[in-house]
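Protein chains in written order, with the UniProt record's numbering: chain C, 1 to 221; chain P, 1 to 230. Contents: one structure, followed by commentary.
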Amino acid sequence: MGEEVVLFGTRGSPYTCRIEIALKLKGVQYKYIDEDLANKSPSLLKYNPVHKKVPVLVHNGKPVLESLVILEYIDETWQGYPILPEDPYERATARFWAKFIDEKCFPAIFKSCWGEEKEREKAVEEVSVVLKILEDELKEKKFFGGENVGLVDIVAVVIGFSLGVYEEAARVELLNKEKLPRLCNWIDDFLSNSFIKESLPPRDKLIAYLRNRFRSGNASK
Amino acid sequence: MAKNDVKLLGAWPSPYVLRARVALNIKSVKYEFLEETMAPKSELLLQSNPVYKKIPVLIHGDKPICESQVIVQYIDEAWTSGPSILPSDPCDRAIHRFWAVYLDETWFPTMKSLLVVQAEERKPLMDQLSEGIVLLEEAFGKCSKGKAFFGGDGIGFLDIVFGCFLGWLRVSEKITGLKLLDEAKTPKLVKWAESFCADAAVKGIMPETDKLLEFARVLAAKRREAPPKN
Numbered sequence: 001m002g003e004e005v006v007l008f009g010t011r012g013s014p015y016t017c018r019i020e021i022a023l024k025l026k027g028v029q030y031k032y033i034d035e036d037l038a039n040k041s042p043s044l045l046k047y048n049p050v051h052k053k054v055p056v057l058v059h060n061g062k063p064v065l066e067s068l069v070i071l072e073y074i075d076e077t078w079q080g081y082p083i084l085p086e087d088p089y090e091r092a093t094a095r096f097w098a099k100f101i102d103e104k105c106f107p108a109i110f111k112s113c114w115g116e117e118k119e120r121e122k123a124v125e126e127v128s129v130v131l132k133i134l135e136d137e138l139k140e141k142k143f144f145g146g147e148n149v150g151l152v153d154i155v156a157v158v159i160g161f162s163l164g165v166y167e168e169a170a171r172v173e174l175l176n177k178e179k180l181p182r183l184c185n186w187i188d189d190f191l192s193n194s195f196i197k198e199s200l201p202p203r204d205k206l207i208a209y210l211r212n213r214f215r216s217g218n219a220s221k
Numbered sequence: 001m002a003k004n005d006v007k008l009l010g011a012w013p014s015p016y017v018l019r020a021r022v023a024l025n026i027k028s029v030k031y032e033f034l035e036e037t038m039a040p041k042s043e044l045l046l047q048s049n050p051v052y053k054k055i056p057v058l059i060h061g062d063k064p065i066c067e068s069q070v071i072v073q074y075i076d077e078a079w080t081s082g083p084s085i086l087p088s089d090p091c092d093r094a095i096h097r098f099w100a101v102y103l104d105e106t107w108f109p110t111m112k113s114l115l116v117v118q119a120e121e122r123k124p125l126m127d128q129l130s131e132g133i134v135l136l137e138e139a140f141g142k143c144s145k146g147k148a149f150f151g152g153d154g155i156g157f158l159d160i161v162f163g164c165f166l167g168w169l170r171v172s173e174k175i176t177g178l179k180l181l182d183e184a185k186t187p188k189l190v191k192w193a194e195s196f197c198a199d200a201a202v203k204g205i206m207p208e209t210d211k212l213l214e215f216a217r218v219l220a221a222k223r224r225e226a227p228p229k230n
């Protein structure tokens, strides 16, 4: 019996990217549907009526919503590559850091590059604080997941990829190699992973898109 | 396991702390409850949750676990004898987790705003909450499949995430004079709320609405005196 896996997303969104990384790590065949957020498809609106957002994973007709929820669903549904560790305490730790990245890191990174002018300086400072926290959490590990990419690494695509792209597009410096050597090494290892590389959108296109969207006049949301 | 192997740092008014306590009760785990005054925060709290410095923190052995939804899932996975908190099917788990995110990121923040805004600013917030509660009523219908809880026969993850806020929900209703859970519009949730509060894992630890109301009034008075800080 064929299994149908469809991912609704937008190229360039780190939330969509995470799901692609996870599906590729698990070796799941899926169909990708790119959504134009200014003109959402009836399917998207049907599958996510509450938030009308991407990503949405549809597995055999049933929608799964919210990127962190989708990542756990993927890990529980398909065997093979473990996204979350087995030990309950390590799982709790992974979930904690995934949430930290989503709540504290990405919003600050975004604001520091694309926020209102008066908010940017404060956001840059905040980025410095949160990145240092992650630097300390990495300790001597190659990845947040240990020897291999895990949940936190996947979620941290916002740091592994988006951060560098935003820095370049907005001409803002956020990553200090002297202050954050471990994190910089992690970024190199992250970007060298073949499944991750396959899931990343083309960098130049994304930079052009971001500059166009957010720098022509006021940042509108 | 010795009682002092499990400690919970918390405070009685916190619905997030209540989540951890309900989960521990479901698993019949003995624990030491360490009441935090939060002003000042204890050394133990600052050491065990240096990132957020917030409660609840579960300390199992010497390992701290933070963030209430992470704690509840940890409790479910660390203590495997006793009823399961998350459903077993991945689809059902995803549904519980989706609504848990919705509650914590969308619905509860709006409800909390209701407690601090001026009376004339309440209407749009109430409208948002009313729309949301209708969605939750529908979700209950689908998740419970005719049974008493989102989790079915017994309290599950979504019951805990939502149910532990019932005290504060009732405080909001008293302060605003407006009903969020309503026999006419949300009959299933009204019944569910009664079942949740009467459950053995919840009864006795759910704070009384009047005590919470008094606590809210004291907090509001303090806010009026001091400039708000985050």
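In this text, a Cβ means the ideal position worked out from N, Cα and C, and glycines have one as well.
Close Cβ partners of residue i (< 7 Å) along its chain, the five nearest in sequence each way excluded
i	result
Y32 of chain C	L7 and G9
Y30 of chain C	V5, V6, L7 and L23
P83 of chain P	I26 and G154
A98 of chain C	L68, L151, V152 and V155
A193 of chain P	L166 and L181
N218 of chain C	Reliability fails at N218 of chain C, whose pLDDT of 46 lies under 50, so the model's placement of it is uncertain and no value is given.
V28 of chain C	V5 and W78
R203 of chain C	V165
Span of the beta strand (DSSP E), counted from its first residue to its last, around residue i
i	result
I75 of chain P	Where I75 of chain P is concerned, there is no enclosing beta strand (DSSP E), although the alpha helix (DSSP H) it sits in stretches over S68 to A78.
P63 of chain C	K62 to L65
L103 of chain P	Unbroken run through L103 of chain P: none, as it is neither H nor E.
E32 of chain P	E32 to E35
I59 of chain P	V57 to H60
K7 of chain P	V6 to G10
Span separating the alpha-carbon of residue i from that of residue j
i	j	result
L135 of chain P	I95 of chain P	13 Å
K145 of chain P	T186 of chain P	16 Å
T93 of chain C	E137 of chain C	10 Å
A12 of chain P	G163 of chain P	Residue identity differs from the one stated: residue 12 of chain P is Trp in this sequence, not Ala. Straight-line Cα distance between these residues: approximately 15 Å.
D220 of chain P	E167 of chain C	Note that residue 220 of chain P is Ala in the sequence shown here, rather than Asp. Cα-Cα distance, rounded: 42 Å.
D75 of chain C	V218 of chain P	46 Å
E119 of chain C	F110 of chain C	11 Å
S192 of chain C	M111 of chain P	45 Å
G132 of chain P	K52 of chain C	15 Å
L45 of chain P	E198 of chain C	42 Å
R19 of chain P	E225 of chain P	31 Å
L158 of chain C	N176 of chain C	Checking the sequence, you will find Val at residue 158 of chain C rather than Leu. Their Cα atoms are separated by approximately 16 Å.
K3 of chain P	S28 of chain P	With a pLDDT of only 45 at K3 of chain P, under 50, the local geometry of the prediction cannot be trusted, and the value read off the model is given with reservation. Using only the alpha carbons, I get a separation of about 11 Å.
E66 of chain C	R95 of chain C	14 Å
residue 249 of chain C	V149 of chain C	There is no way to answer for residue 249 of chain C, as the model of chain C reaches only from 1 to 221.
R213 of chain C	V117 of chain P	34 Å
R18 of chain C	L71 of chain C	8 Å
G204 of chain P	A198 of chain P	9 Å
P85 of chain C	L213 of chain P	42 Å
I101 of chain C	E135 of chain C	12 Å
E36 of chain P	G10 of chain P	6 Å
L34 of chain P	V172 of chain C	45 Å
E117 of chain C	P49 of chain C	34 Å
P181 of chain C	K46 of chain C	45 Å
Residue i, enclosing alpha helix (DSSP H) - first and last residue
i	result
F161 of chain C	First-last for F161 of chain C: undefined, no H or E at that position.
residue 289 of chain P	Outside the displayed range of chain P (1 to 230) lies residue 289 of chain P, so it cannot be described from this structure.
G167 of chain P	L166 to T176
K123 of chain P	R122 to S144
L45 of chain P	E43 to S48
F196 of chain P	P187 to A198
L7 of chain C	First-last for L7 of chain C: V5 to G9, but that is the beta strand (DSSP E), not the alpha helix (DSSP H).
A23 of chain P	P15 to I26
P159 of chain P	According to the sequence as given, residue 159 of chain P is Asp; it is not Pro. Element bounds for D159 of chain P: F157 to G163.
Sequence-distant residues of the same chain with beta carbon closer than 8 Å to residue i, five excluded per side
i	result
K123 of chain P	none
T77 of chain C	H59
K53 of chain P	K41, L45 and L46
S41 of chain C	F8, I33 and E35
Residues near residue i by beta carbon distance below 6 Å, same chain, minus five either side
i	result
N60 of chain C	E4
P15 of chain P	C164, F165 and W168
F215 of chain P	P13
A106 of chain C	Before going on, a small fix: residue 106 of chain C reads as Phe here, not Ala. So the list reads V158, once near-sequence residues are dropped.
S195 of chain P	A148
S220 of chain C	Only weak support exists for where S220 of chain C lies, its pLDDT of 47 falling under 50; the value from the coordinates is given anyway. Answer for S220 of chain C: no residue qualifies.
L178 of chain P	M126
Residue i: contacting residues in chain D (beta-carbon distance under 8 Å)
i	result
V50 of chain C	Absent here is chain D; the protein component of the structure consists of chains C and P.
- Item | Contact the segment 153–166 of chain C vs the segment 185–192 of chain C: 3+ CB pairs below 8 Å | yes
- Segments assigned beta strand (DSSP E), at least 3 residues, entirely inside the segment 20–58 of chain C: 31–34
- Task: Scan the UniProt domain "GST C-terminal" (87–214) of chain C and note each continuous alpha helix (DSSP H) run of 4 residues or more that stays entirely inside, going in chain order.
- Result: 88–100, 106–114, 117–138, 151–155, 163–170, 181–192 and 194–199
- Looking at C-beta atoms only, is the number of pairs between the segment 122–130 of chain C and the segment 97–116 of chain P that lie closer than 8 Å three or more? no
- At least 3 beta-carbon pairs within less than 8 Å: the segment 170–179 of chain P vs the segment 107–121 of chain P: yes
- Message: Across the segment 17–24 of chain P and the segment 46–54 of chain P, are there enough close Cβ pairs to call them in contact, namely three or more that are closer than 8 Å?
- Response: no
- Message: For the structure I just gave you, are there three or more beta carbon pairs, one from the segment 70–86 of chain C and one from the segment 59–66 of chain P, closer than 8 Å?
- Response: no
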